[in-house]
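In this text, residue positions in the sequence shown follow my numbering: the first is 13, and each later residue adds one. Beta carbons are placed, not taken as given, at the ideal position from N, Cα and C, and that holds for glycine. Model, not experiment: these values are computed from the prediction. Note sheet for the following structure.
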Amino acid sequence: MSNQIPALPPSASAYGYEVSHQQRQRVLRNTYWLLALSLLPTVLGAWLGVATGITRSLTGGLGLIVFLGGAFAFMFAIEKTKHSAAGVLVLLGFTFFMGLMLSRLIAMVLGFRNGPELVMTAFGGTAGVFFVMASLASVLKRDLSGLGKWLFVGVVVLLVGGIINVFVGSTAGMLALSVAAIGIFSVYMLYDLKQIIDGGETNYISATLALYLDLYNVFQSLLALLGIFGGERD
Numbered sequence: 013m014s015n016q017i018p019a020l021p022p023s024a025s026a027y028g029y030e031v032s033h034q035q036r037q038r039v040l041r042n043t044y045w046l047l048a049l050s051l052l053p054t055v056l057g058a059w060l061g062v063a064t065g066i067t068r069s070l071t072g073g074l075g076l077i078v079f080l081g082g083a084f085a086f087m088f089a090i091e092k093t094k095h096s097a098a099g100v101l102v103l104l105g106f107t108f109f110m111g112l113m114l115s116r117l118i119a120m121v122l123g124f125r126n127g128p129e130l131v132m133t134a135f136g137g138t139a140g141v142f143f144v145m146a147s148l149a150s151v152l153k154r155d156l157s158g159l160g161k162w163l164f165v166g167v168v169v170l171l172v173g174g175i176i177n178v179f180v181g182s183t184a185g186m187l188a189l190s191v192a193a194i195g196i197f198s199v200y201m202l203y204d205l206k207q208i209i210d211g212g213e214t215n216y217i218s219a220t221l222a223l224y225l226d227l228y229n230v231f232q233s234l235l236a237l238l239g240i241f242g243g244e245r246d
């Protein structure tokens, strides 16, 4: 799975990042552009999955294997190509795959009478979380690098809990995991944005991947909660 003194602003030098203000701004700008672009393949993948039902059979253990296998293969490829233009293409392929994987949940929610409204509410909520975290990251002076290891532990716990719940099928477990995921990935969003702003992340492809995963998980968890609590059947 990441601001005005001439060379190094106090924040960057204090955290040990030897990165100029201009370079940090360039990474942030390129990250935002690529993040916006990455949403297009995601929407296309989700639409294709809903329209064709291609992922409908990916349930239980099979779905878990395809999702984890595909996601980790793509992330490995992104890491290997992140310093070239090919990295952008691999990242966009990854976001298309993630859109496909999201289509089962979206199709389920769209089965409700108010399904489209729930999807838009989840999208709006995710955008709101991103706006708040981006605003916080731009004004927060504190070094957040120490949060990284704790957030990683939280993600590992979520992953293990999610794998267990695939086989247990507990609604209460899914609720708990969704709420925890929204909290953890919202903070991860702040952490990743702060890393870019402070110069801790200098590769815009890696930065885009990190923020994309944050947004994806917040959106998915919000949509799951809205489907459970707000879904209206005919």
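- About 19 Å separates the beta carbon of Y224 from that of L156, a gap too long to meet the 8 Å contact definition.
- Judged by DSSP in its simplified three-state form, I66 adopts coil rather than helix or strand.
- In the structure shown, N229 falls within a helical segment according to DSSP collapsed to helix, strand and coil.
- For N215, the secondary structure class from DSSP, reduced to helix, strand or coil, is coil.
- DSSP places F143 within a helical segment (H, G or I) once states are collapsed to three.
- V102 has its alpha-carbon roughly 10 Å from the corresponding atom of F108.
- With a cut-off of 8 Å on Cβ pairs, the segment 121 to 128 is not in contact with the segment 166 to 185, counting fewer than three such pairs.
- With a threshold of 16 other beta carbon atoms within 10 Å, S218 meets it and is buried.
- Secondary structure note for K206: its alpha helix (DSSP H) is the uninterrupted segment 183 to 210.
- Around the CB of P128, fewer than 16 other CB atoms lie within 10 Å, so the residue is classed as exposed.
- In the structure shown, L156 adopts coil according to DSSP, grouped into three states.
- In the assembly as shown, F106 is a buried residue. Its beta-carbon has 16 or more other beta-carbons within 10 Å.
- In terms of Cα proximity to L170, the closest of M113, G158, S233 is S233.
- Taking 4 residues as the shortest admissible run, the segment 46 to 127 contains the following complete alpha helix (DSSP H) segments, listed from N- to C-terminal end: 72 to 93, 97 to 122.
- Residue S190 holds the alpha-carbon nearest to the alpha-carbon of G173 among S190, G212, V199, G65.
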